[in-house]
Amino acid sequence: MSENSKFRFIDLFAGIGGFHLAMHKLGGQCVFASEIDEYARQTYKANFEKINPELFENNLFNKDIRTITPKDLPDFDILCAGFPCQPFSQAGYKRGFDDNHNSERGNLFFNIAEILEVKRPKAFFLENVRGIINHDNGNTLKTIRNILETELGYSFYCKVIQACDYGLPQLRPRAFIVGFRDEDFLKGFNFPPAIPLKFTMSDVWQGKCSRDIGFTIRVGGRGSSIDDRRNWDNYEVDGELKRLSYIEAKKMQGFPDDFEFPVTPTQAIKQLGNSVAVCAVEAVGKSILEHLKHLIPKKTALKTTKNKGEWTELLVFIKLLFDKQLFLADENLNPSNNFFKINKVTTHNLDLEFLLSNLSRIIIKNKKDKTERVINICELINTETINLLVSKIKTASQTFEIPEFNIIQDTLGFNIIKGGNSNQKADILLDIENSFIQKENEGFGIKSYLGSKPTLLNASGNTNFIFKINGLKKSQIDEINSIDTQIKIKDRINRIEELGGKFEYIGAEKETMEFNLKMVDTEMPQIIGQILLHFYKDRVSSLAEITEKLLAKTINTDHKILLINKIKNLLVSILLGFFAGSKWDGSYQSKGTIIMKNNGNCVGFHIIELEKLKNYLFKNIKLDTPSSTRHRFGQLYLEKNGELYFKLNLQLRF
Numbered sequence: 011m012s013e014n015s016k017f018r019f020i021d022l023f024a025g026i027g028g029f030h031l032a033m034h035k036l037g038g039q040c041v042f043a044s045e046i047d048e049y050a051r052q053t054y055k056a057n058f059e060k061i062n063p064e065l066f067e068n069n070l071f072n073k074d075i076r077t078i079t080p081k082d083l084p085d086f087d088i089l090c091a092g093f094p095c096q097p098f099s100q101a102g103y104k105r106g107f108d109d110n111h112n113s114e115r116g117n118l119f120f121n122i123a124e125i126l127e128v129k130r131p132k133a134f135f136l137e138n139v140r141g142i143i144n145h146d147n148g149n150t151l152k153t154i155r156n157i158l159e160t161e162l163g164y165s166f167y168c169k170v171i172q173a174c175d176y177g178l179p180q181l182r183p184r185a186f187i188v189g190f191r192d193e194d195f196l197k198g199f200n201f202p203p204a205i206p207l208k209f210t211m212s213d214v215w216q217g218k219c220s221r222d223i224g225f226t227i228r229v230g231g232r233g234s235s236i237d238d239r240r241n242w243d244n245y246e247v248d249g250e251l252k253r254l255s256y257i258e259a260k261k262m263q264g265f266p267d268d269f270e271f272p273v274t275p276t277q278a279i280k281q282l283g284n285s286v287a288v289c290a291v292e293a294v295g296k297s298i299l300e301h302l303k304h305l306i307p308k309k310t311a312l313k314t315t316k317n318k319g320e321w322t323e324l325l326v327f328i329k330l331l332f333d334k335q336l337f338l339a340d341e342n343l344n345p346s347n348n349f350f351k352i353n354k355v356t357t358h359n360l361d362l363e364f365l366l367s368n369l370s371r372i373i374i375k376n377k378k379d380k381t382e383r384v385i386n387i388c389e390l391i392n393t394e395t396i397n398l399l400v401s402k403i404k405t406a407s408q409t410f411e412i413p414e415f416n417i418i419q420d421t422l423g424f425n426i427i428k429g430g431n432s433n434q435k436a437d438i439l440l441d442i443e444n445s446f447i448q449k450e451n452e453g454f455g456i457k458s459y460l461g462s463k464p465t466l467l468n469a470s471g472n473t474n475f476i477f478k479i480n481g482l483k484k485s486q487i488d489e490i491n492s493i494d495t496q497i498k499i500k501d502r503i504n505r506i507e508e509l510g511g512k513f514e515y516i517g518a519e520k521e522t523m524e525f526n527l528k529m530v531d532t533e534m535p536q537i538i539g540q541i542l543l544h545f546y547k548d549r550v551s552s553l554a555e556i557t558e559k560l561l562a563k564t565i566n567t568d569h570k571i572l573l574i575n576k577i578k579n580l581l582v583s584i585l586l587g588f589f590a591g592s593k594w595d596g597s598y599q600s601k602g603t604i605i606m607k608n609n610g611n612c613v614g615f616h617i618i619e620l621e622k623l624k625n626y627l628f629k630n631i632k633l634d635t636p637s638s639t640r641h642r643f644g645q646l647y648l649e650k651n652g653e654l655y656f657k658l659n660l661q662l663r664f
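Under the numbering used here, the first residue of the sequence shown carries the number 11, and numbering increases by one thereafter.
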């Protein structure tokens with residue numbers, strides 16, 4: 011990041027804008043904010059509408075982070091979030107990730123993780139109470155670190171900082187968590203050194219106070235006497251007892267004198283108690299920006315280690331070069347007599363074209379530098395080579411190297427297919443022909459059985475579906491959520507029904523997913539609701555078997571045919587058409603799929619034989635249970651409207 015460049019940040023769980031103030035002062039532009047509390051939203055808007063009108067004019071001040079589709083967010087450099095602290099606070103019930111008593115506030119960290127995963131900003135800057143460090147014997151922070159560091163590939167720094175470390179006369183110990191996308195092994199971020207107090211509590215009160223550094227400002231509630239160890243709002247000033255108001259609290263938190271509170275004094279001090287210490291955020295934010303100047307973006311295309319999926323895509327690519335044909339399959343993946351002759355294979359970025367002939371001669375055209383090379387594919391690849399690569403991929407785990415592939419990739423001139431772009435249905439482009447069709451740059455996806463079973467639809471917040479629970483008492487939340495068996499979601503559902511609760515389907519958690527399902531069929535969201543309840547209640551994973559259960563009481567043959575066809579249409583739409591996190595226009599982005607079987611042979615499906623593809627998917631797709639904590643489902647939660655809800659997640663696997 012250059013010296014004078016204006017960085018962009020988003021402000022999640024924004025409160026009244028402590029992060030916004032600090033990062034704006036450092037030269038940042040807030041391009042998106044989210045805050046659910048209506049009174050805090052009023053204060054936020056009153057103070058930032060003039061300096062950042064685009065945020066409010068362009069509907070970029072979100073009310074509920076759970077409704078965010080990460081892909082739709084503006085691009086940004088730093089994610090800032092003082093995510094809900096009550097689940098980890100000494101003053102709360104310390105339920106942690108299991109706190110579902112107020113709009114799922116305990117598990118909203120996972121929304122942050124999803125945004126980081128999709129948008130890949132340069133850095134994140136999180137704040138929470140210090141209780142998060144030791145919560146659940148350290149397991150909560152361990153989970154957070156594992157997701158940020160291991161799953162998402164960011165570095166991780168954590169330190170408990172007090173407001174008085176950076177000039178403010180208040181204790182307020184808080185955990186600050188910082189991470190960077192492009193550090194790799196060159197890790198060297200340092201939190202800024204402490205500085206002297208800028209002013210004392212006597213300056214805050216404008217009179218002689220018995221304390222230089224004040225107590226941590228709390229959210230409010232009944233005060234205690236000045237001699238009580240729980241006292242937080244009483245001070246001795248000029249020999250008199252005075253109670254803290256929002257006027258003093260504003261100074262202790264580092265907010266400027268002209269910061270407005272268009273709410274009651276009670277709401278104002280509550281908002282300040284929930285806010286961040288502005289000067290502490292500014293000091294750490296400045297160090298983050300300094301550190302970003304020295305980081306070099308990763309060059310993912312040059313990496314020598316890859317996962318099974320990436321190696322398989324490369325293997326499919328060279329196998330097509332070698333075979334020069336692709337047999338179409340039946341619903342059992344047996345090759346038929348129908349096949350495509352392959353005339354050209356093109357990489358994802360369209361820079362390299364591989365023109366095939368009837369002989370082993372291949373012309374490699376580099377459209378970028380206008381050069382051509384000729385290779386003999388049989389001198390580079392043979393059946394033995396392919397079998398060796400298949401064996402290596404099948405037996406390895408996680409990310410790994412295949413030294414035998416080095417000479418192949420050096421000769422071909424590339425070593426990765428997608429180039430890190432997972433938001434595309436077509437992994438490879440082919441020029442194909444047979445006696446019926448001739449197509450250029452026809453997109454095909456790639457699925458492999460060399461490793462674990464491939465997924466059709468990956469779990470995320472985009473694949474959550476909401477049910478309202480009627481007839482259950484709010485006091486029974488903890489009883490239900492404490493069920494922790496190996497089949498806990500099934501047992502929780504059964505217990506809800508035993509206690510008289512009834513599931514009322516509401517819809518997809520994200521509007522984008524609801525839209526896409528209705529593009530397939532207007533009844534599809536309701537069908538998914540029924541499928542999910544059957545899957546989690548009955549522990550039957552086969553989609554075909556679940557469909558049979560749905561149709562068990564139906565004697566109308568037309569209805570059976572319609573339902574099965576709707577589900578088949580959904581499966582092929584997911585495979586070739588839409589992503590859960592992007593609105594779909596109804597077209598197929600890919601025109602077919604190449605399947606690498608367990609023995610290393612490839613077969614394909616194409617829309618010219620769409621019915622075979624539909625039958626294959628319907629016969630082979632199963633529902634799967636992802637991590638309920640990671641994807642925020644499978645627990646009762648109480649919304650602000652006083653109603654109980656329960657979410658289930660849709661993940662589809664071959």
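Glycine residues also receive a C-beta, built at the ideal position from the N, C-alpha and C atoms.
Asked	Found
Where residue 637 sits in the DSSP three-state scheme	coil
Selection from 460, 434, 603 that minimises the alpha carbon distance to residue 397	460
Residue 338 vs residue 348 beta-carbon contact at 8 angstroms	yes
Supposed close pair residue 439, residue 495 - CB separation, criterion 8 angstroms	At roughly 48 angstroms, the Cβ-Cβ gap does not stay under 8 angstroms, so residue 439 and residue 495 are not in contact.
For residue 591, the nearest candidate out of 83, 16, 72, 25 (CA to CA)	83
Unbroken alpha helix (DSSP H) run spanning residue 657, endpoints	Premise fails: residue 657 lies in the beta strand (DSSP E), 654-659, not in any alpha helix (DSSP H).
Proximity winner among 652, 583, 644, relative to residue 621 (alpha-carbon distances)	583
Complete runs of the alpha helix (DSSP H) confined to the segment 413-455 [at least 4 residues]	416-422
The segment 292-304 / the segment 35-51 touching (three or more Cβ pairs under 8 angstroms)	yes
Beta-carbon proximity check, residue 481 vs residue 288, cutoff 8 angstroms	no
Three-state class that DSSP yields for residue 53 in the structure shown	helix
Straight-line Cα distance separating residue 535 from residue 55	36 angstroms
Close-in-space but distant-in-sequence residues of the same chain around residue 551 (CB under 6 angstroms, 5 per side omitted)	632, 633
Through-space distance from residue 121 to residue 400, alpha-carbon basis	37 angstroms
From 126, 650, 168, residue whose alpha carbon lies closest to that of residue 143	168
Contacts around residue 345, its chain only, beta-carbon distance under 7 angstroms, and the 5 residues preceding and following it disregarded	337, 339, 613
Rounded C-alpha distance that separates residue 119 from residue 93	7 angstroms
Range covered by the beta strand (DSSP E) that runs through residue 616	612-616
Closest residue to residue 607 among 580, 247, 457, 364 (Cα-Cα distance)	457
Residue nearest to residue 262 in terms of C-alpha spacing, selected from 270, 273, 286, 647	286
Expected contact under 8 angstroms - CB spacing of residue 164 and residue 148 to nearest Å	Residue 164 to residue 148, Cβ: 20 angstroms. No contact.
For residue 465 and residue 661, believed in contact at Cβ under 8 angstroms, the rounded distance	7 angstroms
Distance, residue 328 Cα to residue 374 Cα	13 angstroms
Alpha helix (DSSP H) segment containing residue 502, residue limits	498-508
Host alpha helix (DSSP H) of residue 277 (start-end)	275-284
Reduced DSSP secondary structure (H/G/I, E/B, other) of residue 376	strand
Classification of residue 304 by the beta-carbon crowding that lies within 10 angstroms, buried from 16 upward	exposed
Within 8 angstroms, strictly: CB atoms of residue 370 and residue 386	yes
Delimiting residues of the beta strand (DSSP E) encompassing residue 346	345-356
Inter-residue spacing [alpha-carbon to alpha-carbon] between residue 600 and residue 455	7 angstroms
Member of 249, 246, 419 whose CA lies at the smallest distance from the CA of residue 331	419
Burial state of residue 311 (16 or more Cβ within 10 Å)	At residue 311 the pLDDT is 42, less than 50, meaning the model places this residue with poor confidence; the figure from the coordinates comes in the next sentence. Exposed.
Cα-Cα separation, residue 255 to residue 238	19 angstroms
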